[in-house]
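Numbering-wise, the sequence shown is residues 178 to 392 according to my numbering.
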Amino acid sequence: MSQEGRGKFITIEGVEGVGKSTQLAAIQRLLESRGIDYHLTREPGGTQISESIRELILSLSDEDVDANCELLLIFAARAQHIAQVIEPRLAAGQWVLCDRFTDATYAYQGGGRQLGVERIAELEAMVQGELRPDITVLLDLEPQIGLARAAQRGALDRIESEQADFFTRVRDTYLALAQQHAERFLVIDASAELVDVEQELLARLTDKLGFTDNE
Ligand code: T5A
178 MSQEGRGKFI
188 TIEGVEGVGK
198 STQLAAIQRL
208 LESRGIDYHL
218 TREPGGTQIS
228 ESIRELILSL
238 SDEDVDANCE
248 LLLIFAARAQ
258 HIAQVIEPRL
268 AAGQWVLCDR
278 FTDATYAYQG
288 GGRQLGVERI
298 AELEAMVQGE
308 LRPDITVLLD
318 LEPQIGLARA
328 AQRGALDRIE
338 SEQADFFTRV
348 RDTYLALAQQ
358 HAERFLVIDA
368 SAELVDVEQE
378 LLARLTDKLG
388 FTDNE
């Protein structure tokens with residue numbers, strides 16, 4: 178997918194509390210050690226408008242949130258993020274490191290909310306055109322472990338407050354996506370000790386990026 182001169186687009190995914198933020202820091206250190214100019218961002222979010230939409234999506238509400246409303250808000254935030262941040266930076270040769278992207282929509286809205294694949298694929302085509310991540314790191318973990326870690330950090334947000342079977346579907350959908358797009362995904366077992374997860378992730382990513390010791 179990456180063309181000559183264009184930056185690489187790397188995304189990281191997984192259920193709540195799986196350690197994305199922690200491992201993103203390790204990926205940043207790897208890119209910095211290679212002198213690669215990158216931009217770190219997240220979804221939903223990454224621009225002023227998209228961060229406001231994130232707040233709407235994640236805040237607890239007295240009103241039941243319709244699943245299609247949630248889906249459209251996510252793609253609205255994504256459209257703005259792509260137009261303002263992701264696409265211009267990739268085109269200018271900068272790498273983009275993004276905490277979640279459309280695989281999260283397939284997993285959470287498609288799997289978790291059971292909206293299915295088709296309408297997500299339609300929105301993906303409309304909002305993204307040909308844009309897809311070059312590499313996606315999937316940190317895989319039993320959802321209960323991740324949720325327990327997230328709960329230790331403080332109050333749960335609207336999506337974190339879903340039932341256990343929701344997160345089981347999210348995880349299963351992620352694993353199915355990883356099989357379907359095996360050329361793009363790196364699946365890392367995130368149940369190990371932090372240092373071991375980091376070591377495996379960096380070794381696999383270094384290899385996937387074709388970095389050699391001389392670089
Ligand atoms: N969403 C998002 C959708 O529904 N659809 C979409 O299309 C998109 C893009 C926001 C929410 O939006 C939803 C999904 C989410 O519900 P988010 O901001 O990425 O997504 O929120 P979280 O997934 O909740 O991210 P967190 O920041 O909560 O979790 P992380 O980053 O995965 O975990 P991290 O690194 O903060 O670690 C959590 C704790 O565990 C410890 C860490 O030290 C930390 O305390 N930890 C470990 N402990 C032991 N062993 C290890 N290996 C550990 N790794 C980390």
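Using N, Cα and C, we set each Cβ at its ideal position, and we do this for glycine too. Being a predicted model, the structure only gives us computed values, none of them experimental.
- Query: Leaving out five residues before and five after R381 in sequence, what residues of the same chain have Cβ atoms less than 6 Å from its Cβ?
  - Reply: L363
- Task: Consult DSSP for G191 and reduce its assignment to one of helix, strand or coil.
- Result: coil
- Tell whether a beta-carbon distance below 9 Å holds between L267 and G212. no
- Item | Cβ-heavy atom distance, A380 to the ligand T5A, below 8 Å | no
- What did DSSP end up calling V304 once you bin it into helix, strand or coil? helix
- Helix, strand or coil for R361 per DSSP? coil
- Limits of the beta strand (DSSP E) - the one that D384 falls within: From DSSP, D384 is part of no beta strand (DSSP E) but of the alpha helix (DSSP H) over L371 to L386.
- Is the beta carbon of I365 sitting closer than 9 Å to the one on V314? yes
- Item | Residue burial classification, S227 (beta-carbon count within 10 angstroms, cutoff 16) | buried
- Message: Looking at the ligand T5A, does it come within less than 8 Å of R361, judged from the CB to the closest heavy atom?
- Response: no
- Start and end of the alpha helix (DSSP H) containing L248? A244 to H258
- Kindly list the residues whose CB is nearer than 7 Å to the CB of E301, restricted to its own chain and excluding five residues on each side of it in sequence; keep chain order. T279
- Taking Y215 and Q271 to be in contact with their CB atoms under 8 Å, please state how far apart those CB atoms are, rounded to whole angstroms. 6 Å
- Determine, using beta carbons only, whether A341 comes closer than 9 Å to chain B. Protein chain content of the structure displayed is limited to a single chain, and chain B is not contained in it.
- Query: With respect to 8 Å, is the separation between the Cβ of E301 and the closest non-hydrogen atom of the ligand T5A below this value?
  - Reply: no
- Item | Buried or exposed (CB count within 10 angstroms, at least 16 for buried), V195 | buried
- Message: Using the three-state DSSP reduction, which class does T279 fall into: helix, strand or coil?
- Response: helix
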